[in-house]
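Chemist: Protein chains in written order, with my numbering: chain Y, 621 to 731; chain X, 25 to 137. C-beta: ideal position from N, C-alpha, C; glycine also. A single structure is presented below for examination.
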Amino acid sequence: SQQGEEDPQALSIQEGENATMNCSYKTSINNLQWYRQNSGRGLVHLILIRSNEREKHSGRLRVTLDTSKKSSSLLITASRAADTASYFCASITGGGNKLTFGTGTQLKVEL
Amino acid sequence: EPEVTQTPSHQVTQMGQEVILRCVPISNHLYFYWYRQILGQKVEFLVSFYNNEISEKSEIFDDQFSVERPDGSNFTLKIRSTKLEDSAMYFCASGTSGGGEQFFGPGTRLTVL
Chain Y
621 SQQGEEDPQA LSIQEGENAT MNCSYKTSIN NLQWYRQNSG RGLVHLILIR SNEREKHSGR
681 LRVTLDTSKK SSSLLITASR AADTASYFCA SITGGGNKLT FGTGTQLKVE L
Chain X
25 EPEVTQTPSH QVTQMGQEVI LRCVPISNHL YFYWYRQILG QKVEFLVSFY NNEISEKSEI
85 FDDQFSVERP DGSNFTLKIR STKLEDSAMY FCASGTSGGG EQFFGPGTRL TVL
């Protein structure tokens with residue numbers, strides 16, 4: 621698999637439910653970041669988790685990182701219709717500073 | 025809240041023409057980036073720029089591409105002779121530290137006919 625593959629590719633839930641998205645990567649990372657992209661718009665940074673961290677919270681977002689399994693998950697609790705967007709994981713590896721993006725999960729939150 | 029801005033929002037050009045995409049990064053940021061996203065595909069890294077020089081570039085960023093920071097505020101991406109496959113959304117981003125959070129602009133949609 622490529623650096624940064626996400627599943628599911630698409631997720632449809634009802635407002636108020638939790639949404640979980642997963643990301644797997646191949647090479648060791650310095651940090652892993654999650655971004656949101658509303659249709660046809662720019663990317664918005666959500667949260668960054670470093671390779672020596674296991675869990676991080678920000679508001680309704682919870683991110684976990686398992687470096688032994690080379691995977692991360694993003695949990696959005698109590699989802700809202702406004703959370704409808706595409707969510708991407710992106711990693712920083714080695715001594716560089718470029719982001720390598722995953723394939724993304726399209727989340728649809730229905731009323 | 026400061027934000028990255030990009031102009032134009034949409035550029036249509038003929039194959040073989042030169043285009044310049046413009047970005048104004050957040051003012052106290054030191055690291056600058058260009059990415060692109062072909063419709064329906066992943067966001068791909070093109071180039072990073074720090075201390076007035078390219079710090080990293082991808083295989084996509086060949087001799088047809090160049091970047092410049094002509095003054096203290098603008099950051100431009102030039103494509104010398106556009107190809108049909110250059111059609112994509114181009115995103116500029118900036119950050120305060122290498123390898124940290126990056127702030128993205130709204131993108132320029134480039135259509136090559």
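Nearest-angstrom Cα distance between residue 84 of chain X and residue 59 of chain X?
Modeler: Taking the straight line joining both Cα atoms gives about 10 Å.
Chemist: List, in order along the chain, the chain Y residues whose C-beta lies closer than 7 Å to that of residue 126 of chain X?
Modeler: Under the 7 Å cutoff, chain Y gives 665, 719.
Chemist: In three-state DSSP terms, what is residue 731 of chain Y?
Modeler: The answer is coil: DSSP assigns residue 731 of chain Y none of H, G, I, E or B.
Chemist: With C-beta atoms as the reference, is residue 106 of chain X less than 7 Å away from residue 136 of chain X?
Modeler: Yes, these two residues count as a Cβ contact at 7 Å.
Chemist: Quick one: is residue 39 of chain X buried, meaning 16 or more other Cβ sit within 10 Å of its Cβ, or exposed?
Modeler: Per the 10 Å Cβ criterion, exposed.
Chemist: Could you name the residues of the same chain whose beta carbon sits closer than 6 Å to that of residue 73 of chain X, not counting the 5 residues immediately before and after it, in chain order?
Modeler: Here the set comprises 56, 91.
Chemist: If the criterion is Cβ atoms closer than 7 Å, does the pair residue 692 of chain Y and residue 709 of chain Y meet it?
Modeler: Yes, Cβ-Cβ distance for residue 692 of chain Y and residue 709 of chain Y is below 7 Å.
Chemist: Report back the beta-carbon spacing between residue 102 of chain X and residue 44 of chain X to the nearest angstrom; my notes put them in contact at under 8 Å.
Modeler: At roughly 5 Å, the Cβ-Cβ gap stays under 8 Å, so residue 102 of chain X and residue 44 of chain X are in contact.
Chemist: Could you please give the first and the last residue of the uninterrupted beta strand (DSSP E) stretch that includes residue 102 of chain X?
Modeler: Here the beta strand (DSSP E) through residue 102 of chain X covers 99-103.
Chemist: Under 9 Å between beta-carbons, which chain X residues line up against residue 649 of chain Y? List them in chain order, please.
Modeler: What residue 649 of chain Y touches in chain X: nothing, since even the nearest Cβ is about 10 Å away.
Chemist: Along chain X, in chain order, which residues have C-beta atoms closer than 7 Å to that of residue 712 of chain Y?
Modeler: Result: 123.
Chemist: Return the chain-ordered list of same chain residues with a C-beta closer than 7 Å to the C-beta of residue 724 of chain Y, the five sequence neighbours on each side being excluded.
Modeler: Counting only Cβ-Cβ distances below 7 Å, and skipping sequence neighbours, we find 626, 706, 707, 708.
Chemist: For a contact defined as C-beta to C-beta under 7 Å, what are the partners of residue 723 of chain Y on chain X?
Modeler: By Cβ distance, chain X contributes 66.
Chemist: Our contact map puts residue 719 of chain Y next to residue 629 of chain Y with C-beta atoms below 8 Å; I'd like the distance itself, whole angstroms only.
Modeler: Rounded, the Cβ-Cβ distance is 20 Å, inconsistent with contact.
Chemist: For the beta strand (DSSP E) holding residue 676 of chain Y, just list the boundary residues, first then last.
Modeler: From DSSP, the beta strand (DSSP E) with residue 676 of chain Y extends over 675-678.
Chemist: Under the rule that 16 or more other beta-carbon atoms within 10 Å means buried, what is residue 71 of chain X, buried or exposed?
Modeler: Looking at its Cβ environment, which holds 16 or more other Cβ atoms inside 10 Å, residue 71 of chain X is buried.
Chemist: What did DSSP end up calling residue 698 of chain Y once you bin it into helix, strand or coil?
Modeler: DSSP places residue 698 of chain Y in coil when its eight states are reduced to three.
Chemist: Taking DSSP as the reference, what is the three-state secondary structure of residue 109 of chain X?
Modeler: DSSP places residue 109 of chain X in helix when its eight states are reduced to three.
Chemist: Find out if the Cβ-Cβ distance for the pair residue 696 of chain Y, residue 651 of chain Y is shorter than 7 Å.
Modeler: Contact flag unset, no.
Chemist: On the DSSP bridge assignment, give the partners of residue 43 of chain X in chain order.
Modeler: In the DSSP output, where bridge partners are listed per residue, residue 43 of chain X has X/103.
Chemist: Taking 7 Å as the CB-CB cut-off, is residue 716 of chain Y touching chain X?
Modeler: It does; some Cβ of chain X falls within 7 Å.
Chemist: Give the straight-line distance between the Cα atoms of residue 37 of chain X and residue 76 of chain X, rounded to the nearest whole angstrom.
Modeler: If you take the alpha carbons of residue 37 of chain X and residue 76 of chain X, they lie about 29 Å apart.
Chemist: Under a CB-based cut-off of 7 Å, is residue 727 of chain Y close to chain X?
Modeler: False, the Cβ-Cβ gap to chain X never drops below 7 Å.
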